[in-house]
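2 protein chains.
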Amino acid sequence: MHRPIPRLATVAFALLTLLTPLAVRADEGMWTFDHPPLEAMQKAYGFTPSIEWRMHVMHSCVNFGGGSGAFVSADGLVLTNHHVALNQLQKMSSAEHDYQHDGFFARTHAEEMPCPDLELKVLQSMSDITADVQAAIDPKAPPVQQNVQRKAAIAKLQAAASKRTGLKMEPVTLYQGGEEWLYGYRTYKDVRLVCAPEEREAFFGGDLDNFSFPRHDLDFAFFRVYENGAPLHSTDFLAWSLSGPKANDLAIVVGHPGRTNRQRTVTQLEYERDVQRPLAIRLQEQRVDALHTFAKSGTEQARQASGLLRGLENNLKRERGFLELLRDPSYLAAYAARERTLRATVAADTKLAAYSDAWTHIDGVQALNRTLGRSRQLHEFGRVSRLADIATGIVRMTSEMAKPNEQRFREYQDSNLNTQRFQLLSPAPIHTDLEEMLLAQRFQTWADSLGTDDAFAKTSLNGADAKSAAHSLFVGTTLMDVNARKALLDGGPAAIAASKDPMIVWARAIDAPYRAERKRFEDEIESVETLEGARIARARFALSGHDLYPDATGTLRLSYGRNAGYAQLNSMVPWHTTFYGLFNRANGFDFQSPYDLPKRMRDAEKSIDLSTSLDFVNTCDIIGGNSGSPVIDRDGRYVGLVFDGNIQSFLWTFGYSDAQARCVNVDSRAILMVLRKVYDMQALADELTAAAK
Amino acid sequence: MHRPIPRLATVAFALLTLLTPLAVRADEGMWTFDHPPLEAMQKAYGFTPSIEWRMHVMHSCVNFGGGSGAFVSADGLVLTNHHVALNQLQKMSSAEHDYQHDGFFARTHAEEMPCPDLELKVLQSMSDITADVQAAIDPKAPPVQQNVQRKAAIAKLQAAASKRTGLKMEPVTLYQGGEEWLYGYRTYKDVRLVCAPEEREAFFGGDLDNFSFPRHDLDFAFFRVYENGAPLHSTDFLAWSLSGPKANDLAIVVGHPGRTNRQRTVTQLEYERDVQRPLAIRLQEQRVDALHTFAKSGTEQARQASGLLRGLENNLKRERGFLELLRDPSYLAAYAARERTLRATVAADTKLAAYSDAWTHIDGVQALNRTLGRSRQLHEFGRVSRLADIATGIVRMTSEMAKPNEQRFREYQDSNLNTQRFQLLSPAPIHTDLEEMLLAQRFQTWADSLGTDDAFAKTSLNGADAKSAAHSLFVGTTLMDVNARKALLDGGPAAIAASKDPMIVWARAIDAPYRAERKRFEDEIESVETLEGARIARARFALSGHDLYPDATGTLRLSYGRNAGYAQLNSMVPWHTTFYGLFNRANGFDFQSPYDLPKRMRDAEKSIDLSTSLDFVNTCDIIGGNSGSPVIDRDGRYVGLVFDGNIQSFLWTFGYSDAQARCVNVDSRAILMVLRKVYDMQALADELTAAAK
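Here's what the structure looks like:
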């Protein structure tokens with residue numbers, strides 16, 4: 013079976029008309045909870061989410077760090093996607109127990125399995141600190157200085173708020189710098205796995221069906237949050253809907269969309285098109301190739317590689333889609349036309365004309381970004397080797413902690429130390445053979461792409477070849493042992509300086525080049541993009557008031573729309589699928605992988621109602637990071653679980669259209685039915701239905 | 013539910029690479045039975061259809077006149093599509109019995125219902141008369157004269173062959189004039205309806221799903237051929253396959269593809285793009301609008317309009333698709349590049365250089381065609397009013413029969429008189445209110461589009477408004493009575509001249525303008541296109557031997573390919589669907605029309621095996637007219653019934669690609685199962701399985 017080539021040219025044309033400079037379209041927007049589009053929702057759907065409604069939903073939604081979820085019972089039960097849980101499933105699996113492949117089913121609290129390093133966050137408070145931050149900035153200072161002032165002000169406000177509230181405070185920059193906020197979270201670190209179906213069921217159709225519809229996946233996983241050793245008891249959860257979603261019903265999605273580029277400048281998009289996306293694709297393709305080779309060497313190697321491969325293939329499909337859109341000249345032309353209109357409007361307005369040069373300044377730093385940004389991107393290795401990431405993390409954290417709070421890197425400010433320690437001391441297994449291979453590959457890439465004089469390459473290779481260099485780091489390290497990491501962290505700068513652990517020695521050596529590159533980037537690129545982005549935002553606010561939503565930033569957002577099918581090719585795609593469709597597709601491909609239905613489902617066929625709604629689509633505005641978000645009906649009930657967007661939704665990175673783009677969800681009725689009829693999870697099903705409405 | 017807009021831009025790009033001047037691609041071609049691509053089939057599929065295999069298949073396949081079919085039992089049972097049977101189903105229905113909507117089920121021979129005017133043809137012989145025709149043409153004579161000589165030679169050879177064989181002989185012009193053939197048919201006029209499912213089942217998904225895949229239709233109908241009052245007994249039938257098709261198996265489709273444009277000149281395609289297709293669309297849209305209005309006036313009116321509407325909507329979807337392809341500049345550029353290459357090759361070849369001006373001559377008549385061809389197309393009214401068609405048919409036939417055979421219009425030469433009489437004397441009901449409305453509409457169009465001085469408009473309107481003019485024809489006519497038509501035909505020119513029947517008076521009046529326009533078209537356009545087309549064909553033969561197939565001409569052809577799914581958008585379309593899929597799609601649209609499964613099927617759900625294969629696709633090269641064709645496996649078994657092409661197959665009008673374009677078929681297993689489990693047609697099922705292999 014050969015791989016289909018995504019063709020996005022057909023969807024890009026839709027953007028030609030949708031990019032209007034200021035107006036927001038029906039169902040458009042990933043809105044912050046401080047100002048959802050109340051009037052538009054009322055007008056379109058006759059529904060206004062009350063303050064109480066919003067607070068309840070906000071407290072019921074869970075941030076998975078790159079994914080989303082929601083509380084669905086009074087006893088701390090959290091529902092998210094199987095693919096959001098995948099990272100933990102992998103870390104909990106071993107050669108003996110492959111929970112990723114086989115699923116996991118705890119039928120009592122005692123059987124629920126603690127996650128090694130999953131921290132969940134629930135948003136409690138949002139404070140607009142824009143005025144305070146602005147007040148701390150001297151607008152006459154050079155940009156570098158302004159950026160330092162800005163960061164110090166944020167750090168100070170953050171520390172004070174943390175102290176005052178006891179919450180984990182995170183700064184959030186919205187509208188390309190136009191607003192600065194502090195979001196306060198409750199965090200939970202005792203999270204246990206309750207239930208996950210087989211990967212083949214959760215991800216039926218595999219990479220082939222990914223980002224498509226009709227879809228037939230049961231992409232769910234249940235966790236439970238514990239506090240003081242007992243399930244978290246709370247009224248902040250979404251009541252289960254037994255009746256599920258209906259065609260054309262209002263649907264509200266609440267989650268943590270990661271990143272959209274709807275308000276970036278054309279030159280920023282060109283940078284993305286020419287440098288950032290192609291490089292990301294190349295680096296991912298390299299890793300995919302290496303992992304496939306690694307997987308061939310044995311069953312256990314295949315298991316270790318499988319989770320990474322799946323994540324990479326998922327990302328690649330998306331990245332290639334984004335790049336295809338960016339390379340479509342008609343798309344970028346439409347985007348540029350919108351920017352020209354906005355710039356002309358600003359220039360013609362005597363009160364705003366001073367902002368006209370903001371775009372020029374941002375455009376001006378893109379030439380440097382094409383070398384500096386590229387080099388920074390190449391030097392990342394967090395997803396290449398966790399152990400290398402832990403080593404550099406320990407080195408950086410200890411030296412940062414020696415500084416005053418507001419002078420530290422943002423990620424090592426007081427509010428984040430707890431989380432950093434939790435990650436650095438994670439007991440999750442590390443597959444050293446695999447990481448060594450990938451790190452060697454990256455060392456080689458530094459030399460190949462940046463030259464042997466590149467500081468990272470020089471320091472890492474140290475005259476040896478890439479394989480030997482990487483091997484020498486893994487062969488003598490003690491960092492596999494969590495206690496060794498703990499001793500280094502607790503020992504502080506002195507312990508780090510004294511360490512002979514080869515990983516730490518290497519991490520120390522690349523610390524200076526890392527800091528130099530980061531400082532240059534922050535001083536010369538970030539400062540300009542943020543300060544000038546803020547000025548553009550101010551001009552936009554002045555033109556259209558506050559009926560705008562910010563680009564996605566991984567923070568809590570509300571989207572809304574309707575459950576609806578769409579026209580595709582010359583036919584119609586229905587708004588939902590059923591279990592008939594699941595069996596049809598498995599039979600259609602003669603049960604060949606990735607359409608090989610697991611035995612549990614095949615055995616259950618006669619006892620389930622095949623007409624049960626399985627997956628459905630709606631027009632809610634989402635993006636990567638929304639995975640695991642609840643779909644909520646107007647009564648606040650849990651009717652669906654977001655797990656994907658169709659391929660046409662790729663354009664939502666750059667603008668909104670409801671012509672074909674859709675958010676793809678699992679129906680609440682499907683989850684409940686399979687818990688009872690396929691997985692024999694009666695207690696879990698009872699827990700969901702106990703508070704059902 | 014709003015209508016989807018077909019977007020074909022995505023498929024057109026595929027043509028850029030597929031149009032090579034001479035080579036034929038894997039699985040390409042609608043081959044005549046005298047030279048199927050034996051080597052290519054052997055190479056690709058390890059199968060060579062023997063002479064016996066071919067003769068058996070040829071004698072088993074049935075021409076439905078615009079559709080196809082095949083014998084499937086030793087007792088004259090013929091299987092075709094429900095939509096091929098539709099015209100007869102409509103004619104057999106009445107306000108009391110709506111067989112189109114409700115289906116028809118004869119469980120004994122006695123219950124089988126005679127069709128009013130269905131003539132089936134089975135090909136028995138094929139003779140190449142190219143040399144004889146060429147010999148009769150004086151190449152130095154002007155084109156008009158050559159064309160007259162050519163036609164007279166064909167008519168003479170045809171008459172002689174008819175006399176000699178007793179078969180119905182039909183001339184066939186292949187390769188744009190490059191070859192002239194006589195095809196000899198056995199004909200059958202006692203054809204009875206045996207079984208047709210409900211339209212909602214045969215055409216599940218309606219116009220929305222038409223030309224798409226995955227598909228879930230049971231588009232079949234059974235007829236039985238009678239001879240001398242008893243079922244035709246013969247060994248020339250295709251044995252039913254109980255095991256059905258398999259993925260990647262060789263599939264052979266035999267049927268009567270209507271028309272392709274793969275070897276026309278660029279200027280001919282431009283004529284099609286600018287004049288012929290847009291006009292066809294406009295005329296059809298007019299009728300659709302009128303029929304919708306008519307259908308609203310009552311239940312019986314709705315029934316009368318429904319069959320016409322369905323045919324028109326089907327055609328419109330296809331015509332619009334073709335036009336979109338033709339208007340895609342990249343497509344026509346590729347087509348033009350191919351023509352340039354061929355012309356350059358011919359010009360550079362000293363033996364062929366003389367043919368170089370053939371294209372110039374064809375190009376030269378297109379300017380005239382843009383007025384004359386358009387006017388001819390506007391003046392057609394066969395599908396507007398059957399009664400008007402009968403009246404003009406009677407007038408023309410009587411006057412043509414007074415001439416020597418070879419001087420008559422082709423359709424009134426001896427070999428065709430039997431068929432003409434059968435059609436003119438058909439007892440099928442005529443819905444006069446409906447026809448009067450449509451004819452009035454056409455009269456008005458003549459005046460609007462060609463001016464009130466247009467001979468057809470002037471003669472028909474005769475000073476009155478279009479409605480009154482049409483009304484006056486229908487109000488006093490006796491032609492509803494078959495005996496009145498018979499009396500006129502038998503009375504000959506004298507009876508026609510004496511008739512005061514208003515329809516006949518009108519038909520007499522437009523006879524002269526009709527003949528004048530037709531003569532001018534044949535002398536000035538057809539003669540050049542055929543004679544020069546023949547010269548291009550000779551050049552092509554000289555360059556590539558005879559490894560070519562001619563454009564489709566509605567005559568028997570063999571296509572071959574494999575049963576295979578394809579990549580679409582970013583996912584895969586499976587090679588087949590099952591009954592699970594049927595129920596999934598009905599549920600997916602909440603059983604709303606056109607996804608409202610008939611009661612019989614819903615009731616049968618528990619007793620049928622939902623995993624039974626329903627519809628499937630293969631790469632066989634087909635086009636409109638192939639509807640009802642059998643899909644035959646290498647053992648000559650009947651494994652499927654062609655009923656559609658997906659939207660990507662629209663490009664097969666202009667060239668072949670197997671990237672996404674597919675032929676869409678009903679699985680033999682599905683038909684057998686529903687006969688037994690849904691429609692209680694046990695005797696029919698037994699008849700199919702009696703000779704199953």
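Sequences listed follow chains W and Z, in order. For any residue, its number in the working numbering is found by taking its place in the first sequence, counting from 1, and adding 12. For any residue, its number in the working numbering is found by taking its place in the second sequence, counting from 1, and adding 12. For every residue, glycine included, the Cβ atom is placed at its ideal position computed from N, Cα and C.
{"query": "Pick out whichever of W:Asp87, W:Asp513, W:Glu423 has its Cα sitting closest to the Cα of Thr247 (chain W).", "result": "W:Asp87"}
{"query": "Return the CA-CA distance between Thr142 (chain Z) and Gly189 (chain Z), expressed in angstroms with no decimal places.", "result": "9 Å"}
{"query": "For Thr590 (chain W), go through chain Z and note every residue whose CB falls closer than 8 Å to its CB, in chain order.", "result": "Phe595, Asn596, Asn599, Gly600"}
{"query": "Rounded to a whole number of angstroms, what is the C-alpha to C-alpha distance between Ala82 (chain Z) and Leu570 (chain Z)?", "result": "13 Å"}
{"query": "Which residue comes first and which comes last in the beta strand (DSSP E) that contains Lys133 (chain Z)?", "result": "132–140"}
{"query": "Please decide whether Pro441 (chain Z) counts as near chain W, where near means a Cβ-Cβ distance under 8 Å.", "result": "no"}
{"query": "Under 8 Å, do Gln389 (chain W) and Gln456 (chain W) count as touching if we go by C-beta distance?", "result": "no"}
{"query": "Could you tell me which residues DSSP puts in a beta bridge with Met125 (chain Z)?", "result": "Z:Leu205"}
{"query": "Using DSSP bridges, identify the partner residues of Pro243 (chain W).", "result": "W:Tyr238"}
{"query": "Could you check whether Arg574 (chain Z) and Tyr691 (chain Z) sit closer than 8 Å to each other, using their CB atoms as the reference points?", "result": "no"}
{"query": "What's the C-alpha gap between Thr410 (chain Z) and Arg350 (chain Z)?", "result": "47 Å"}
{"query": "Identify every residue that forms a DSSP beta bridge with Tyr592 (chain Z).", "result": "DSSP output for Tyr592 (chain Z) lists no bridge partner at all."}
{"query": "So, does the CB of Asp608 (chain W) fall closer than 8 Å to a CB anywhere in chain Z?", "result": "no"}
{"query": "DSSP on Phe232 (chain Z), reduced to helix/strand/coil?", "result": "coil"}
{"query": "By alpha-carbon positions, which one of W:Trp587, W:His588, W:Leu594 ends up nearest to Thr590 (chain Z)?", "result": "W:Leu594"}
{"query": "Hey, could you find the ends of the beta strand (DSSP E) Gln580 (chain Z) is sitting in?", "result": "578–580"}
{"query": "Report yes if the C-beta distance between Gly79 (chain W) and Gly577 (chain W) is below 8 Å; otherwise report no.", "result": "no"}
{"query": "Suppose the cutoff is 7 Å on Cβ atoms and the five residues either side in sequence are ignored; what does the same chain contact list for Thr277 (chain W) look like?", "result": "Glu351, Trp371, Ile374, Asp375"}
{"query": "Below 8 Å, can you find three or more Cβ-Cβ pairs linking the stretch 148–162 of chain W to the stretch 205–218 of chain W?", "result": "no"}
{"query": "Among the candidates Z:Gln102, Z:Asp39, Z:Asn326, Z:Thr177, whose CA atom is the shortest distance from the CA of Gln54 (chain Z)?", "result": "Z:Asp39"}
{"query": "Given a limit of 8 Å on CB to CB distance, which residues of the stretch 306–336 of chain W reach chain Z?", "result": "Lys329, Gly333"}
{"query": "Pair every Cβ in the stretch 615–630 of chain Z with every Cβ in the stretch 666–677 of chain Z, then say whether three or more of these pairs are closer than 8 Å.", "result": "yes"}
{"query": "How would you list, in chain order, the residues of chain W whose beta-carbon sits under 7 Å from the beta-carbon of Leu364 (chain Z)?", "result": "Simply none; closest approach about 40 Å."}
{"query": "Against chain Z, which members of the stretch 215–235 of chain W pass a CB distance test of less than 8 Å?", "result": "Gly217, Leu220, Asp221, Asn222, Phe223, Ser224, Pro226"}
{"query": "Out of Z:Gln112, Z:Leu132, Z:Gln275, Z:Val156, point me to the one whose CA is closest to Arg532 (chain Z)'s CA.", "result": "Z:Val156"}
{"query": "Please classify Leu254 (chain Z): does DSSP put it in a helix, a strand, or coil?", "result": "coil"}
{"query": "Need the endpoints of the beta strand (DSSP E) that Leu194 (chain W) sits in, please.", "result": "191–200"}
{"query": "Indicate whether at least one CB of chain W lies closer than 8 Å to the CB of Ile659 (chain Z).", "result": "yes"}
{"query": "Taking the alpha carbon of Asn658 (chain W) as the reference point, which residue from W:Ala359, W:Val585, W:Gly648, W:Leu700 has its own alpha carbon closest?", "result": "W:Val585"}
{"query": "By Cβ distance, which residues of its chain are closer than 7 Å to Ile442 (chain Z), with the 5 residues on each side in sequence left out?", "result": "Arg398, Leu399, Met492"}
{"query": "Would you tell me roughly how many angstroms separate the C-alpha atoms of Arg614 (chain Z) and Trp587 (chain W), rounded to the nearest one?", "result": "21 Å"}
{"query": "What residues in the stretch 234–263 of chain Z bring their beta carbon closer than 7 Å to a beta carbon of chain W?", "result": "Ala259"}
{"query": "Can you list the residues of chain Z that Pro269 (chain W) reaches, using a CB-CB cut of under 9 Å?", "result": "Result: empty, since nearest Cβ-Cβ is about 21 Å, beyond 9 Å."}
{"query": "Grouping DSSP H, G and I as helix and E and B as strand, with all else coil, what is Arg119 (chain W)?", "result": "coil"}
{"query": "Leaving out the 5 sequence neighbours to the left and right, which residues in its chain are closer than 6 Å to Lys180 (chain Z) when beta-carbon positions are compared?", "result": "Tyr197, Thr199, Ser427"}
{"query": "Quick one: does Met685 (chain Z) have its CB under 8 Å from some CB of chain W?", "result": "no"}
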